[in-house]
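To start, the structure itself, in structure tokens.
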Amino acid sequence: MHDLLAAVPRTARIAEGAFFLGGFALPDEDRVLAALHGIVAASPFRNMITPGGFRMSVAMTNCGTVGWVTDRRGYRYSETDPETGARWPSMPAVFADLASRAADRAGFAGFAPDACLINRYEPGARMSLHQDRDERDFAAPIVSVSLGLPAIFLFGGSKRSDRPQRIPLEHGDVVAWGGPSRLWFHGVLPLRDGDHPSLGRCRINLTFRRAL
Ligand code: MD3
Ligand code: FE
Numbered sequence: 001m002h003d004l005l006a007a008v009p010r011t012a013r014i015a016e017g018a019f020f021l022g023g024f025a026l027p028d029e030d031r032v033l034a035a036l037h038g039i040v041a042a043s044p045f046r047n048m049i050t051p052g053g054f055r056m057s058v059a060m061t062n063c064g065t066v067g068w069v070t071d072r073r074g075y076r077y078s079e080t081d082p083e084t085g086a087r088w089p090s091m092p093a094v095f096a097d098l099a100s101r102a103a104d105r106a107g108f109a110g111f112a113p114d115a116c117l118i119n120r121y122e123p124g125a126r127m128s129l130h131q132d133r134d135e136r137d138f139a140a141p142i143v144s145v146s147l148g149l150p151a152i153f154l155f156g157g158s159k160r161s162d163r164p165q166r167i168p169l170e171h172g173d174v175v176a177w178g179g180p181s182r183l184w185f186h187g188v189l190p191l192r193d194g195d196h197p198s199l200g201r202c203r204i205n206l207t208f209r210r211a212l
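Counted the way this note's numbering counts, the sequence shown spans residues 1 to 212.
What follows is the structure in structure tokens.
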């Protein structure tokens with residue numbers, strides 16, 4: 001009975017264009033984690049450097065046609081992994097399918113992501129308030145899938161000074177961000193230590209984008 005209830009998605013509108021789909025990824029958990037292991041074997045997690053010279057506390061990798069990177073030269077999408085010199089691993093069908101179904105459920109029909117940024121948070125890792133504006137077309141939504149340890153997501157507004165709401169994100173939760181909220185400021189509070197049954201002492205976030 002508990003498992004059946006856990007598989008029922010709890011849906012909520014967080015803001016204009018932003019939809020929370022609680023537990024939406026749980027039915028695909030095993031296939032998503034298997035695909036993730038394959039990606040990380042080819043393009044390992046690394047802590048990238050911001051244009052200002054700071055090492056990000058969140059470790060990242062990518063899959064898809066292009067991947068998001070940062071170094072002293074700036075933020076951008078790249079066809080190749082700067083660490084391996086090779087193309088990023090292709091986007092697994094289970095990833096693209098999950099993101100597309102979630103977008104559909106949130107009212108964004110026909111979402112076909114070409115980039116998936118994979119963030120790994122270890123205890124203490126955080127992401128300060130920022131906007132996602134390195135993509136070419138802001139009409140497409142962004143879909144995020146949370147796995148592993150829970151985190152507090154900060155969701156502000158169109159101005160950095162807008163006071164953010166705090167949204168707890170747990171293993172299997174999916175959020176689709178489109179419309180006006182696509183360009184709103186957001187971040188993640190420092191990860192609290194814990195031990196997750198399938199991922200151990202970390203949180204993984206998949207963010208699906210249409211970058212090109
Ligand atoms: C709201 N990642 O990678 S995912 C990022 O949990 C990023 O790792 C966070 O912010 C994480 O850029 C948050 C949720 C998210 C992603 C993109 C958004 C929320 C968003 C873009 C616009 C508005
Ligand atoms: Fe972001």
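Built from N, CA and C at the ideal position, the CB exists for glycine as well.
Quantities reported herein were computed from a predicted structural model and do not represent experimental measurements.
Check, Outcome
"One or two residues paired with Pro168 in a DSSP bridge", "Ile152"
"Short Cβ contact (8 Å threshold) for Phe95 with Leu212", "no"
"Length-filtered (4 minimum) alpha helix (DSSP H) runs lying within the segment 80–125", "93–105"
"Simplified DSSP state of Asp71, which is helix, strand or coil", "strand"
"Residues near Ala109 in its chain [Cβ-Cβ closer than 8 Å; skip 5 each side]", "Ala103"
"Status (buried if at least 16 other CB within 10 Å, exposed otherwise) for Gly194", "exposed"
"Buried/exposed call for Phe54, threshold 16 Cβ in 10 Å", "exposed"
"Delimiting residues of the alpha helix (DSSP H) encompassing Gly187", "Looking at the DSSP string, Gly187 is not in any alpha helix (DSSP H); the run it does join, the beta strand (DSSP E), is 186–188."
"Distance between Thr84 and Gly187 (C-alpha atoms, nearest Å)", "28 Å"
"Where Arg201 sits in the DSSP three-state scheme", "coil"
"Whole-angstrom distance between Ala139 and Arg13, CA atom to CA atom", "18 Å"
"Opening and closing residue of the beta strand (DSSP E) in which Leu129 lies", "127–130"
"Buried/exposed call for Leu43, threshold 16 Cβ in 10 Å", "It is Ser, not Leu, that sits at residue 43 in the sequence shown. Ser43 is buried by the Cβ-count criterion."
"By C-beta, the residues closer than 6 Å to any heavy atom of ligand 2, given in chain order", "His130, Asp132, His186"
"heavy atom of ligand 1 below 7 Å from Val188 C-beta", "yes"
"Leu117 beta carbon less than 8 Å from that of Met60", "yes"
"Inter-residue CB distance, Trp88 and Asn119 (contact presumed, cutoff 8 Å)", "Rounded, the Cβ-Cβ distance is 15 Å, inconsistent with contact."
"Met127 Cβ short of 7 Å to ligand 1 heavy atom set", "yes"
"beta-carbon Val285 near ligand 1 non-hydrogen atom, thresh 7 Å", "Because the chain here runs from 1 to 212, residue 285 falls outside it and cannot be looked at."
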